[in-house]
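*Asks:*
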Amino acid sequence: MINNPLTLKVLNIEDSEDDAFLVQRELRRSGLNIIWERVETAEALCAALEKQTWDVIISDYHLPKFNASDALQIVKSRYPNLPFIVVSGTIGETAAVELMKAGAHDYLMKASLTRLSEAVRREVRDAEIRVERQRSQLELDLVKERLQLAVDGSGIGLWDWAIQTDDVIINERLAEIFGYTLDELAQFGTKNWWQLNHPEDSQKAKLAMESHFQQKALVYECELRKLHKSGAWVWVLSRGKVVEWDGEGKPLRMTGTTLDISDRKQAELRVEMQNSILERIAKGEALPDILEVLVRATEDQIEGGLCSILLCDREGKLHHGAAPNLPDAYNQALEGLSIGENAGSCGTAAFRKEPIIVSDLANDPLWQDYKELALAHGLRSCWSFPAIASDGSVLATFAVYHQDIHSPQPQELEAIALAANIVKIAIEREQATQALENLNQELEDRVQQRTQALRLSEARLQEAQQIAHLGSWELDVITKKVTWSEEIFNILALDPHSPAPTFEQFFQFFAPHEQARLKLLHERAINDRQAFTIDAEIVCADGSIGYIFVKTEPIWNSAGKVTRLLGIAMDISDRYAMQEALQRSEERTRATLLALPDLVFRVNRAGKYVDFMVSPQGKNLVDPQQIIGKSIYDAFPLPTSGIYAERKYAALQQALATQTVQIYEQQIQVEDKYLYEEVRVSPCGHDEVVFFVRDISARKQAEAQLQQTNQELARATRLKDEFLANMSHELRTPLNAILGMAEGLQEQVFGKISDRQLKALQTIEASATHLLELINDILDVSKIVSGQIELECTPTSINHLCQSSLAFIKQLAMQKRIQIFTKLPLNLPDLLVDERRIRQVLINLLNNAVKFTPEGGNITLEVNHLQLISTSPDQTNEEVREYVRIAVIDTGIGIAAENIQKLFKPFVQIDSALNRQYAGTGLGLALVKQMVELHGGKVGITSELGVGSCFSIELPCSSNTTYSSDTISSNPTTEIGNLDSPNVGKSQVPLILIAEDNEANIMTISSYLIAKGYRIVLAKNGEEAISITLSAKPDLILMDIQMPVMDGLEAMQQIRQIPSLVNIPIIALTALAMTDDRERCLAAGANEYLAKPVKLKQLAATIHQLLAN
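Just so you know, the working numbering puts 944 at position 930 of the sequence shown, and the rest follows in order with no gaps.
1) Using a 10 Å radius around the Cβ and a threshold of 16 neighbouring Cβ atoms, would you call Leu1048 buried or exposed?
2) With a threshold of 6 Å on Cβ separation, who are the neighbours of His242 within its own chain once the five nearest residues in sequence on each side are excluded?
3) Am I right that Ile552 and Phe524 are in contact with their C-beta atoms under 8 Å? What's the rounded C-beta distance?
4) Name the two residues that bound the continuous alpha helix (DSSP H) containing Leu41.
5) Check the C-beta distance from Glu501 over to Leu484 and give it rounded, since I have them as a contact under 8 Å.
6) Can you give me the start and stop residues for the alpha helix (DSSP H) that Asp342 sits inside?
7) Give the DSSP bridge partners of Ser963, in chain order.
8) Confirm, please, whether the CB-CB distance from Lys533 to Thr547 is below 8 Å.
9) Please name the residue in Cys360, Met945, Asn861 whose C-alpha comes closest to that of Val902.
10) Is Pro1107 helix, strand or coil when you go by DSSP?
11) Would Ala82 and Leu113 be called neighbours here (beta carbons separated by less than 8 Å)?
12) Run through DSSP, which three-state label would Phe503 get?
13) Below 8 Å, can you find three or more Cβ-Cβ pairs linking the region 264 to 280 to the region 305 to 314?
14) Can you pull the DSSP bridge partners for Tyr234?
15) Considering only their Cβ atoms, is the gap separating Gly758 from Thr1018 smaller than 8 Å?
16) Output the residue ranges of the alpha helix (DSSP H) runs that lie fully inside the region 1046 to 1105 and measure 4 residues or longer, sorted by chain position.
17) Would you call Gln229 buried or exposed, if buried means 16 or more other Cβ atoms sit within 10 Å of its Cβ?
18) Kindly provide the ranges of any alpha helix (DSSP H) runs that are 4 or more residues long and lie completely inside the region 301 to 348, ordered along the chain.
19) Can you tell me the Cα-Cα spacing of Arg853 and Leu820, whole angstroms?
20) Could you work out which residue in Gln1002, Ile914, Ile967, His949 is closest to Leu959 when comparing CA atoms only?
21) Using the three-state DSSP reduction, which class does Arg1029 fall into: helix, strand or coil?
22) Going by DSSP in three states, Gln1119 sits in which element: helix, strand or coil?
23) Would the beta-carbon of Ala337 fall within 8 Å of that of Cys321?
24) Taking just the CA atoms, how far does Ser963 sit from Gly1027?
25) Given that a residue counts as buried once 16 or more other Cβ atoms are within 10 Å of its Cβ, and exposed if not, what is Pro526?
26) Look up Thr447 in the DSSP assignment and say whether it is helix, strand or coil.
27) Just the Cα atoms here: how many angstroms apart are Arg310 and Asn211?
28) Is Ile1081 near Leu1110, with beta carbons less than 8 Å apart?
29) Would you kindly report the start and end of the unbroken alpha helix (DSSP H) that includes Asn289?
30) So for Phe523, helix, strand or coil by DSSP?
31) For a quick check, are the C-beta atoms of Tyr93 and Ala110 less than 8 Å apart?
32) Any idea what DSSP makes of Glu551, helix, strand or coil?
33) Where Gln529 and Thr516 are concerned, what is the direct C-alpha to C-alpha distance, given to the nearest angstrom?
34) Whose C-alpha, out of Glu214, Asn504, Phe563, is nearest the C-alpha of Met584?
35) Helix, strand or coil: which one does DSSP assign to Arg543?
36) Just checking, does the region 324 to 339 make contact with the region 457 to 465 on the three C-beta pairs under 8 Å criterion?
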């Protein structure tokens, strides 16, 4: 390389210094500046080449140790383009040719060195050209290599189209883009190539190509979809340019590129989808709508994908969000899924807070518990991403299912990640919107509440000023301008619409004797900054006299000068009037207390008398002047004053502690007589009490006399009850035999009877029954009067009550050809009544109706549910009372108006002629009235003589009252089987002990039971009953209560104390029929209780039931 045109670095390979000098001289002679070095050996040559670079090498052909060929090889191996010229005196033509072939650039004979400088210049110049050309070629090769790498790295497909011949040259990348090999795609003609275009894009591509061919567009450029070998559509960007045109301007050759832009298009679609959904979120659309749009948009990006969004609650449960294309049954099965390890893709993704990719859920452990569910719905793979909130909590999961084994592509994972992030944004926006709405609502509520409170406060302030008669004012000391509140006008009785008074006019409203003092106080307030308060008398505008409380506060500036006066004025006229009234009241109270027949004194907490008032009657007992100031322990020098003082002090402390009145009585000795006192200790504040001491000796004497009278009345009542009990026993005992024998004879227990005998027996039974009803009515009236009846109230159906009552009179009504009508509305409430007693009332009324209604008449039982609305005396409240009205209406003989009041009196009948025609005790309606009133109801009657009557009862009820099946129980019923057979499971006929002292009853009951197949053993008193029970071990005992020697109660008690006799059933029989007889008998050991006269069928049923159990 020539660094300087006149200077060359020359390396000379020469063993002869002379020859070397000649060469050097020739080069310098030609005008060349040379840097010269001579070497003789191969080693020296190598060293010189290593030391620096040379522009040319001139070598002798023959050297002692090596020759030009060897030197040429050494040089070419290191510097292939370095010029090598051979200068020799003996080289032949052949050798020279061989050297030229080996790479020497020229050769010269030493005898002809004149051509040397020209050869050197030429070879050096050619070497520079060769080096430059090689460098350019290297750079070109490098550029080509880089361009090829860029093309290969960019994924650009290349094509070269000979338009006229329709030949196309393509590269492998173009074939790869569409899934073909180079050979496969090369066989496509342009016609087939155009058919790969998407139908929606084909026309657009043709128009772009025609526009370029017509030179309207500099290049052909089009984004379009082309069909991939797999059947999918691939987005590509196709660019091309015609590089050859014919003379007529027609295209001959066109080159171009095709770039796969599917990823970019997917990204654009994702961005477009993201923007669209974010816009929906920003508009505040409903979250379910947003999630469904997101799912559908993501499914468009992932071929074959079925998307699902599950929302995660705070308890870690997943709930359906959106999955329009998944089976509904599958969505429902996932509802409420708990997140956790091995909870499928979604549950695990939410639990781990990381994406879970399962390509084959049938063989993945995460789906062990759910794969059967998924496979049953045709699902095989599932990829799930969690939507994680800003605070780290999991909001939801976004999943993509496929119906085959499927692994995701990177762009698909990007789409899912984007969708999960949008879900997070949507949910957080929803939560934030909800929180903001809640906050706004809360703030609005607060503002509204505070505004309302402020208005209320202002209203209350104004109302308070009006109520308190408190006005305010403000005086500007400089301008003398005064501002008055509305209440000032009211206090001064001024018209609020009249001109406001000046401050000087304000002074004129004060009484003349108040004005001077008030002006002085105002001057001090202004001059000395002294606030003041004052009560003053005023003369109002209407001339009335009043009193006001005035308070004034001075306000001064930084210089200490008063600039304003603020004041209030309160009307205290009422207070003054109250003080005067209080004073008068105190005077009247003292006068009243002095007039009372009491000792009145005030005592403080320490027990000292503060005040003492003595009535004229008590002046001889104590002198008030000697009491005041003394302690209760030493005020009264009575013999037992210490005991009285302790009691007084204890009552004093109790009254103060509880702030309640303490009352006690005591007996004191005054001189030689004893008096009774009532002491009332009333707290007066927290430090004093008032004692009221009254002489109640006369009242005590009256109470003692009343107590004695009550004791005598109680004894008389007890004697009456004992008389009734004995009378009941004496009457029921023979009736028991009469009714029992009549019943047994009618049942032909003792043999067959004729019709005339049967009729006679029926008459006997009817008469005895009538007598029994008379006894029962007398006892019921007695029990009601003495308060011995206790109601057993239970929820009772009105319909059942009426129907069961009608059953008792229907047969008799049919005999008299009386028609029965009922009017029972639907949905009647239940009554809380003693069902047996009210049924007795209805049967009584219905019996009367049948009794007093002629043949062919009518009886109607009518029920109405009514309401009674009553208003309180002050007309502010209304009370609604509900009741049921049950009426018995007949077309009977009727009742005269003057006789109606007699109906409900015991033992009274309105007409003796009726008494002879219609038998009765006269107790029925009295019992009806008293029984209904015991239930809180009332009885009513309307009647017209000769037309008929209407008897009604009204009972309270509540339509809102409902009863559960647990609280409503019907009366237990006993299923009576074959009572004629005593065989109740024993192989032997049951043995029954009858403990009874009345021969008639013994004969009646024993005959009946023997006829029924039982064995009988008898006892006449309690002792015999115990003895026989021990020896005979009967299967059942019939125990009369009233027997000689030992009564039935004591006998039962002793039997129950014997272990071997504990389980023998006992039926107690009594004719007393008093209220507590049943309880007494059951308590003594009876299993059942029957009142005489006993129905033999009922007795047989009871025996059968007890023996069966």
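Beta carbons are placed, not taken as given, at the ideal position from N, Cα and C, and that holds for glycine.
The structure displayed is predicted, hence computed values, not measured ones.
*Replies:* Walking through what the data contain:
1) Reading off the sequence shown, one finds Pro at residue 1048, where the question assumed Leu. Result: buried.
2) Setting aside the 5 residues that flank it on each side, His242 is surrounded in the same chain by Phe192, Gly193, Val248, each with a C-beta closer than 6 Å to its C-beta; the list follows chain order.
3) The Cβ separation is near 5 Å, so the contact holds.
4) Residue range 31 to 43 is occupied by the alpha helix (DSSP H) that includes Leu41.
5) The Cβ separation is near 6 Å, so the contact holds.
6) Run containing Asp342: 342 to 348, per the alpha helix (DSSP H) assignment.
7) Partner(s): Asp904, Ser957.
8) No Cβ-Cβ contact shorter than 8 Å links Thr547 with Lys533.
9) Nearest to Val902 by C-alpha distance, out of Cys360, Met945, Asn861, is Asn861.
10) Residue state, collapsed to three classes: coil.
11) A contact, by the Cβ cut-off of 8 Å.
12) Shown here, Phe503 sits in a helix according to DSSP, grouped into three states.
13) With the cut-off at 8 Å, the region 264 to 280 and the region 305 to 314 do not touch.
14) DSSP, once it has assigned bridges, lists Gly254 as partnering Tyr234.
15) Yes, they are a contact pair.
16) Within the region 1046 to 1105, the complete alpha helix (DSSP H) segments of 4 residues or longer fall at 1062 to 1070, 1091 to 1098, listed in chain order.
17) Exposed: under 16 other Cβ atoms inside 10 Å.
18) Fully contained in the region 301 to 348 are the following alpha helix (DSSP H) runs of length 4 or more, in chain order: 301 to 315, 342 to 348.
19) For Arg853 and Leu820, the gap between their C-alpha atoms comes out near 10 Å.
20) It is Ile914 whose Cα lies nearest to the Cα of Leu959.
21) Here Arg1029 sits in strand by DSSP.
22) Three-state DSSP puts Gln1119 in a helix.
23) Cβ distance < 8 Å, so Ala337 and Cys321 count as in contact.
24) Whole-angstrom Cα-Cα distance: 51 Å.
25) Exposed, by the Cβ-count rule.
26) Three-state DSSP puts Thr447 in a helix.
27) The straight-line gap from Cα to Cα measures roughly 26 Å.
28) No.
29) Per DSSP, the unbroken alpha helix (DSSP H) holding Asn289 starts and ends at 276 to 297.
30) If DSSP states are grouped into helix, strand and coil, Phe523 belongs with coil.
31) For the pair Tyr93 and Ala110, the CB atoms are not nearer than the 8 Å cut-off.
32) Looking at Glu551 - three-state DSSP - the assignment turns out to be strand.
33) Each residue's CA atom was taken as its position, placing Gln529 and Thr516 some 15 Å apart.
34) Distance from the Cα of Met584 is smallest, within the candidate group Glu214, Asn504, Phe563, for Phe563.
35) Looking at Arg543 - three-state DSSP - the assignment turns out to be coil, as it is neither helix nor strand.
36) No, the region 324 to 339 is not in contact with the region 457 to 465.
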